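This report refers to the structure that appears directly beneath it.
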């Protein structure tokens, strides 16, 4: 990508890094934009009615993680609901009882007491037989009152009102209201862009409204223009520039620098109004809170800002059910100018087509257009040394002190500083390996150039490095061995610092860029893990110092085995306040050193345990999810002993019929504290295609561990 060099790192970008979509930079839009893809759940209609219906769909406020598109909130507690079979049978029995009582009264089997009220409160003349019409009216009116009284009694007893609400016309009308919601008022209709009209941009609102109804706008366009409008309200852009861009290009205004208005293909359901992507459905399980049961589960930047860790064996659905939908969602957010995403995975992983990304770095593939900046785009030798040391020996660092990483950073800074002062760049892989090995030729040449440049302070750094060579405890040899993993013919065209290649630097996350990095896991497993640590270290170092933290930055590591280090855990803890997050997947927590498992689960806000988890992995999740107070019911059956001959005969007959002795049941209810999900349940009670997911939002809202059907 070309660049104007204003924010690019070390002048290494040949093509422009996508900048935030906004009115100041508006390239010419095509005269006839392609037909927009329909939003999720809406069939493609040429008149745009599907998009209008999608935009008008209610998105009520909901609990963390609930898919808000068309959501119908439920009460927090489950109401007492009688089973349908029991309800209908009770209503029928009550009706038969009422009919029986009426028959007995009508036929006089219950005596004449029921006509006493009529005789007490009416004059005798009303009941005389000479007035047959009046007499008939009186008695039949009285019969009607008695019948209504019986009917009201049996209706209350048989819960006829509940039968009416559940199976009668009220239930039919509710369904009709749900399928045919009335259009909103004009001042609240999102299709008409009321915020623009309130600010005086009536012409721009009219243009956008017309294109939405004509089918020329898609969900990405709506999200992108909304983001640009937020820039106007915050003062970053002027209203006149925004209005001019919309009047000129319509729904194609304020485009992403790549010019793309959608992804080549979508596999998940996205809602860019709320920023969510649906990953499954909360199971209708007693262990889930009632308000979540049956609701769609979704993730967005508000949850990913606390980072996410997913643990499950191969084939449990980490990539297909979680990583792929999340990468799609983040790429759509990038096209809308809301996010920057870096996806790291093995070559050939199902992370979407290459056309869905702006930058694709295929390390070890000679056809790769882009290279990876080994030093993260910095010109500070100390900063470069810290990041590189974390990548090289972070997995060897003491989980409590991290001493190896600090010593390694010191050794690297003793070499990177002098080399950068002489050459104006950092060393490449072969040069760095020679310096760490202590080869006399390169060190002598570097010393001579430092003397010629009068760099006495850096000469002292080089002298200190030479004194440490070969001494016990020197980590230079370990660093040289780790660098040797990258000094292979397959990586020869990569990590070049001379300017001949086009390295990508994570300093570019100031812009809504979509990046994919393919690691050469086949035959280079150790090098791949080291490169994954390098990307994570560069991400946690560069993201917190960005200027625009409203642009959400996310790093997705499809396999974080060997990546979790003490410094990585500390870096993840700092991301929440920086408007960023990471998504990590592991096959097992055994890939994380034991002292770091607790700190990692504590630093991550969203935790997912997929089916097939081992009991010892489940124990770590059970501990971090803690316990809750629940109601326990103890049922005790006590044998009934008859004392009379008749009672003994009845008990004997009952035993002959049922085969069991007569018993009396006693139920004891008490409050006990139990684990939300035990290690055994996580290992054996999570069905295939399901996961247990707990969520935390950047605002501090929590969702308890939920059983989620990832196939729903």
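Residue numbers (UniProt numbering): 1 to 712. Here a beta-carbon is modelled for each residue, glycine too, at the ideal position from N, C-alpha and C. Note that this is a predicted model, so its numbers are computed, not measured.
So for residue i, helix, strand or coil by DSSP?
i	result
residue 445	helix
residue 614	coil
residue 358	coil
residue 652	helix
residue 147	helix
residue 291	coil
residue 556	strand
residue 699	coil
residue 429	helix
residue 185	coil
residue 515	strand
residue 629	strand
residue 75	coil
residue 205	helix
residue 423	helix
residue 503	strand
Who are the near neighbours of residue i in its chain, counting only those whose CB is closer than 7 Å to its CB and skipping five residues on each side?
i	result
residue 417	381, 458 and 461
residue 591	561 and 562
residue 713	Outside the displayed range of the chain (1 to 712) lies residue 713, so it cannot be described from this structure.
residue 564	592, 596 and 600
residue 77	290
residue 698	302, 305, 306 and 576
I'd like the list of long-range same chain contacts for residue i, defined as Cβ closer than 6 Å, with 5 residues on each side in sequence excluded.
i	result
residue 404	393, 396 and 397
residue 292	282 and 706
residue 360	354 and 516
residue 541	387
residue 476	411 and 436
residue 330	339, 341 and 554
residue 695	64, 65, 303, 606 and 703
What separation, rounded to the nearest whole angstrom, lies between the Cα atoms of residue i and residue j?
i	j	result
residue 605	residue 704	11 Å
residue 60	residue 206	27 Å
residue 427	residue 574	30 Å
residue 408	residue 388	9 Å
residue 679	residue 342	33 Å
residue 455	residue 449	9 Å
residue 255	residue 339	14 Å
residue 248	residue 203	11 Å
residue 268	residue 328	8 Å
residue 258	residue 510	16 Å
residue 94	residue 613	52 Å
residue 105	residue 162	28 Å
residue 700	residue 64	10 Å
residue 536	residue 365	21 Å
residue 97	residue 140	22 Å
residue 43	residue 266	In this predicted model, residue 43 has a pLDDT of only 42, less than 50, meaning its place in the structure is not dependable; the value taken from the coordinates is given anyway. Their backbone Cα atoms lie some 14 Å apart in a straight line.
residue 580	residue 240	32 Å
Counting along the chain, where does the alpha helix (DSSP H) carrying residue i start and finish?
i	result
residue 53	49–56
residue 600	594–603
residue 249	239–249
residue 477	476–484
residue 95	84–106
residue 229	219–234
residue 730	Only positions 1 to 712 of the chain appear in the structure, and residue 730 is not among them; the question remains open.
residue 277	Residue 277 -> not in any alpha helix (DSSP H); beta strand (DSSP E) instead, spanning 276–282.
Residue range of the beta strand (DSSP E) that residue i falls in?
i	result
residue 691	690–696
residue 709	702–709
residue 298	296–299
residue 780	For residue 780 there is no data in the structure shown, the boundaries of the chain being 1 and 712.
residue 539	Taken as a continuous stretch (DSSP letters only), residue 539 belongs to no beta strand (DSSP E), being part of the alpha helix (DSSP H) at 525–542.
residue 671	663–675
Compute the beta-carbon to beta-carbon distance between residue i and residue j, rounded to the nearest angstrom, for a pair I have assumed lies under 8 Å.
i	j	result
residue 69	residue 271	5 Å
residue 384	residue 558	Contact doesn't hold; Cβ gap of about 26 Å is too wide.
residue 158	residue 84	Going by Cβ atoms, the distance from residue 158 to residue 84 rounds to 14 Å, so no, they are not a contact pair.
residue 692	residue 603	19 Å between Cβ atoms; not a contact.
residue 709	residue 280	5 Å
residue 349	residue 319	6 Å
residue 633	residue 669	5 Å
residue 496	residue 620	In fact, because the Cβ distance is near 42 Å, the residues do not count as touching under 8 Å.
residue 636	residue 666	5 Å
residue 310	residue 585	5 Å
residue 300	residue 278	That pair is no contact at about 10 Å.
Using a Cβ cut-off of 8 Å (strictly closer), state whether residue i contacts chain C.
i	result
residue 701	Absent from the structure is chain C; it holds one protein chain and no more.
Considering only residues of the same chain and omitting the five flanking positions on each side of residue i, which have a CB-CB separation below 8 Å?
i	result
residue 285	293 and 707
residue 87	159, 162, 163 and 166
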